[in-house]
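Just so you know, we're using UniProt numbering here: the sequence shown kicks off at 1 and counts up by one.
Glycine is no exception: its CB is placed at the ideal position from the N, C-alpha and C atoms.
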Amino acid sequence: MTTKVYLFLADGFETIEALAVVDILRRGGIEVKTVSIMGKELVESAQKVTVKADELFENVDLNDASLLLLPGGLPGANYLNEHEGLRQAILKHNEEGKKLGAICAAPMVFGSLNLLNNRKATCYPGFEKHLTGAQYTGDFVTIDGNIITAKGAAASLEYAYCLLEWLTNAEKANEIKSGMLYNEQ
């Protein structure tokens, strides 16, 4: 099966948390589709950057998804958390043991769905209270089972490289890091 990633966009998403991930995964050969949950193709980030989503939630079939991703930012993460269709898709994906990822404020969606019980997770400081049942790590990136969470905007590149390694292998992730000069000082 081809690796396919869906990243969900809502007005108020954190630009770097979404687009750095899309950039790095695509550089690594992963098919990534951006999906608007807003009922419109153009979605505006918290930093007033307008992005044209590849798909509308209403038109997408998530059955071929390897990974569902939620960027943070406000009010974007709140919109993600309130979207019943997305919530049901996440629950189904989790039941099938498929991978889920969220960064910054967005791990609260997993917390509200009780997917973090007895798991390690991280998020933007102050949102720990929304990680119901989780053991908060405070790390930049935390992987526990089929769920990866990340702390915030500054963790975006590290998160993206971890996602790429998780979906491919360390060699591919290191190749992309090297090409992007990530390890140079």
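The bridge partners DSSP lists for Asp-144 are Ile-147.
Under the DSSP assignment, Gly-101 falls in the beta strand (DSSP E) whose first and last residues are 99 to 103. Here Gly-72 is near Glu-17, since their CB atoms are less than 7 angstroms apart. Comparing alpha-carbon positions, the option among Ala-46, Val-22, Gly-133, Gly-85 lying closest to Gly-76 turns out to be Ala-46. Pairwise C-beta distances place the stretch 50 to 67 in contact with the stretch 86 to 106, as three or more of them are shorter than 8 angstroms. Classified as buried, Asn-81 has 16 or more neighbouring CB atoms from the shown chains inside 10 Å of its CB.
Contact check for Tyr-161 against Lys-177 passes: the beta carbons are separated by less than 7 angstroms. In the three-state reduction of the DSSP assignment, Thr-15 falls in the helix class. Non-local beta-carbon contacts of Leu-9 in its own chain, meaning distances under 6 angstroms to residues more than five positions away in sequence, involve Thr-34, Ser-36, Val-43, Ala-53 in chain order. For Phe-8, the uninterrupted beta strand (DSSP E) segment begins and ends at 4 to 9. Pairing Leu-69 with Gly-101 gives a Cβ-Cβ distance under 7 angstroms. In the structure shown, the three-state DSSP call for Val-22 is helix. The beta strand (DSSP E) runs of length 3 or more contained entirely in the stretch 28 to 108 are, from start to end of the chain, 31 to 36, 42 to 44, 50 to 52, 67 to 70, 99 to 103. The Cβ atoms of Glu-41 and Lys-4 do not sit closer than 7 angstroms to each other. Distance from the CA atom of Lys-98 to the CA atom of Asn-183, rounded to whole angstroms, is 30 angstroms. Taking the CA atoms as reference points, Asn-118 sits about 21 angstroms from Trp-166.
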